[in-house]
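Notes for the one structure printed next.
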Amino acid sequence: MGETVPKRNPKAPRQELPVLDLVRRATTCDEVSLGFNIEQAKAEVVRCLNCKDAKCINACPLRIDIKSFIYRLLVGDYDGAYEKIAEQSPFPGVCGRVCQHELFCEDACLLGTKLDPVAIGSLERFCADHNRESARPEAEYPQPTGPKVALVGSGPASLIAAFDLVRKNYRVSVFEALHGLGGVLAYGIPPFRLPRDILNEEIARLQRMGVEFITNVIVGKTVTLDELFNEEAFDAVFVGTGAGLPWLMGIPGENLIGVYTANEFLTRINLMHAHEFPKTDTPVRVGARTVVVGGGNSAMDAARWGKRMGSQTTILFRRGRAELKARLEEIEHAEEEGVIFEYLAAPVALYGDQDGFLREMECIRMKLGEPDSSGRPSPIPIPGSEYRIPVDTVVMAIGQGPNPTLQRATPQLIAKKGKIVIDEQGQTSIPMVFAGGDVVRGGSTVILAMRDGRAAAEAIDRALKGAQGATCEPDLDQAPANA
Ligand SMILES: Cc1cc2nc3c(=O)[nH]c(=O)nc-3n(C[C@H](O)[C@H](O)[C@H](O)COP(=O)(O)OP(=O)(O)OC[C@H]3O[C@@H](n4cnc5c(N)ncnc54)[C@H](O)[C@@H]3O)c2cc1C
């Protein structure tokens, strides 16, 4: 019997993601976006044009077969839709929530040239959530037996490399400096955007596939690259150490009590649960008035935490709203939640009291000029426009560079401005050491970090097959259908 295909209706309006009510948002860290229900998913999939040459697939850095998974949803085969995504990505729950779809697949959606593009991100999330809720039994995974690969850092770049390598039968160990796994997904992105059970479950699946995770190990300090090769007998290493070194503003008063980098502020809260202090060990000082400086995802995350912790919170951004770099959904949610946006202004100095506590911020008004190297209009200070505002907490969210520990401990590892240099194979200046993600790009996005991890896994596979002249492919007869 053939499948019943519901009638397509591209002109139907794009479904809006339901969100948590504002009262709950102000008082809890429950997830804000609630995801499509089944009726909304049905109403959204009929909008897909089922293009012959589906541009969305090529626009996805992981090459997820978006057209096919949407078709499976259309005919009501929800398990099949999930399997289609899982062929390419072990993280539909994570990516369905945090990937900047508007820059990739949704930007390429043909429907978007005339109407709103198909809500591909929300449909991806729907598949992940439906699969999770249906609790389908998972097949046993064959445990890997091939050569050993070490992955440094447990962010999205390493996690997808682990997924690809373990499926090719490599024995994979992930070394993570922190006590929690996931990189920025765990220490940077708040649980109200990415609930930790979703992240942890998708990582746990990698564990069941045979990936080993070792936390509290700083490669370059606890163990060196040399030791990984010579004492622990790894055949290749992937460095995915991310960009966790925050940039400072370089203005007077940065050392005052109450001034944080976004990295420290978010890690204290997301990873150490400082918002529950004194029930937890780690405090964070959030006073009555918080100013977050910057306009990217880190700035939105820090500001939304500031609001949740009861502070009147302002985002100070030196350009205009159109130049904000955060996901559109996060900007809108921050606005809804009452974060104040002060555009075209930048900090000049911070002032404290005699005990070293932050009290005031001096700002200067800006105007927009010609585009700079980022392609956005450059902010130009307006002389004489300085003004002061009272403030108790400042969070600097103006960007970050690569974590330098491993580079410093390994002089043979060539880096430029902290970013590890790789060749077109993804290999660094050290043979069999590959790198990707933010440590190569500087601050980027989850999905581009994943693309790098995937490319590096392919390069490692090629290099090791070449080196050993042997295949390390698993016995495919044993491979589970949903691996
Ligand atoms: C607050 C915030 C919010 C963001 N929100 C989004 C978003 O919504 N959507 C989006 O697409 N992108 C977002 N980004 C960007 C995105 O998270 C990053 O581009 C992505 O996580 C980079 O992945 P990665 O694997 O390269 O590194 P990371 O995620 O940074 O992971 C690197 C890991 O390596 C570990 N490590 C570092 N040095 C060592 C060492 N020497 N030994 C062992 N381990 C080490 C670190 O502890 C860390 O866990 C956000 C970034 C931030 C900071």
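So in my numbering, spot 182 of the sequence shown is number 164, and the numbers just go up one at a time. Just so you know, even glycine gets a beta-carbon here, dropped at the ideal spot from N, CA and C.
Between residue i and the rest of its own chain, which residues show a CB-CB distance below 6 Å, the 5 nearest in sequence each way excluded?
{"i": "Y242", "result": "V377"}
{"i": "Q460", "result": "Because Q460 sits at a pLDDT of 39, beneath the cut-off of 50, its placement in the model cannot be relied upon, and the point is left open."}
{"i": "I239", "result": "G338, F339"}
{"i": "C91", "result": "C38, P99, V100"}
Counting C-beta neighbours from all protein chains within 10 Å, is the total for residue i 16 or more, i.e. buried, or is it exposed?
{"i": "Q125", "result": "exposed"}
{"i": "K289", "result": "buried"}
{"i": "D434", "result": "buried"}
{"i": "C161", "result": "Inspection of the sequence shows that residue 161 is occupied by His rather than by Cys. Flag for H161 reads exposed."}
{"i": "Q82", "result": "buried"}
{"i": "P172", "result": "buried"}
{"i": "T249", "result": "buried"}
{"i": "L16", "result": "exposed"}
{"i": "L310", "result": "exposed"}
{"i": "K398", "result": "exposed"}
Ignore the nearest five residues each way along the sequence and tell me which others in residue i's own chain have a CB closer than 7 Å to its CB.
{"i": "S71", "result": "L44, I46, C77"}
{"i": "L306", "result": "G277, F299, I313"}
{"i": "V166", "result": "G137, G224"}
{"i": "S293", "result": "V268, G269, A270, R271, T272, T375"}
{"i": "D98", "result": "R(-4)"}
Here's a check: name, in chain order, each residue in its chain whose Cβ is nearer than 8 Å to the Cβ of residue i, leaving out the five neighbours to either side.
{"i": "R303", "result": "I313, F323, Y325"}
{"i": "A328", "result": "V275, L298, R300, C345, I346, M348, P361, P363"}
{"i": "K(-11)", "result": "V28"}
{"i": "T410", "result": "V221, L395, I396, I402, V403, I404, F416, A417"}
Can you tell me the Cα-Cα spacing of residue i and residue j, whole angstroms?
{"i": "A285", "j": "T296", "result": "7 Å"}
{"i": "P359", "j": "G419", "result": "27 Å"}
{"i": "L93", "j": "R29", "result": "8 Å"}
{"i": "P138", "j": "R436", "result": "10 Å"}
{"i": "L253", "j": "T264", "result": "10 Å"}
{"i": "L332", "j": "E115", "result": "49 Å"}
{"i": "D335", "j": "M343", "result": "12 Å"}
{"i": "C42", "j": "V428", "result": "12 Å"}
{"i": "A144", "j": "I185", "result": "10 Å"}
{"i": "L2", "j": "G400", "result": "40 Å"}
{"i": "R153", "j": "G192", "result": "7 Å"}
{"i": "Q394", "j": "R149", "result": "31 Å"}
{"i": "Y64", "j": "V100", "result": "17 Å"}
{"i": "G383", "j": "G424", "result": "5 Å"}
{"i": "F18", "j": "F259", "result": "34 Å"}
{"i": "I251", "j": "L227", "result": "18 Å"}
{"i": "N198", "j": "G351", "result": "46 Å"}
{"i": "I180", "j": "V373", "result": "36 Å"}
{"i": "E120", "j": "T95", "result": "40 Å"}
{"i": "G381", "j": "V57", "result": "44 Å"}
Would you say residue i and residue j are within 8 Å of each other, going by their C-beta atoms?
{"i": "L147", "j": "I442", "result": "yes"}
{"i": "L133", "j": "F220", "result": "yes"}
{"i": "N113", "j": "G128", "result": "no"}
{"i": "A445", "j": "M414", "result": "yes"}
Residue i bridges to which residues according to DSSP?
{"i": "P353", "result": "P359"}
{"i": "M343", "result": "L332, I371"}
{"i": "G383", "result": "L227"}
{"i": "K398", "result": "K401"}
{"i": "T10", "result": "In DSSP, T10 forms no bridge with anything."}
{"i": "E194", "result": "S155"}
Does ligand 3 have a heavy atom nearer than 7 Å to the CB of residue i?
{"i": "I380", "result": "Among the ligands modelled here, namely ligand 1, ligand 3 does not occur."}
Quick check on residue i - is its C-beta less than 8 Å from some C-beta in chain D?
{"i": "Q189", "result": "Of the chains in the structure shown, none is chain D; there is only one protein chain."}
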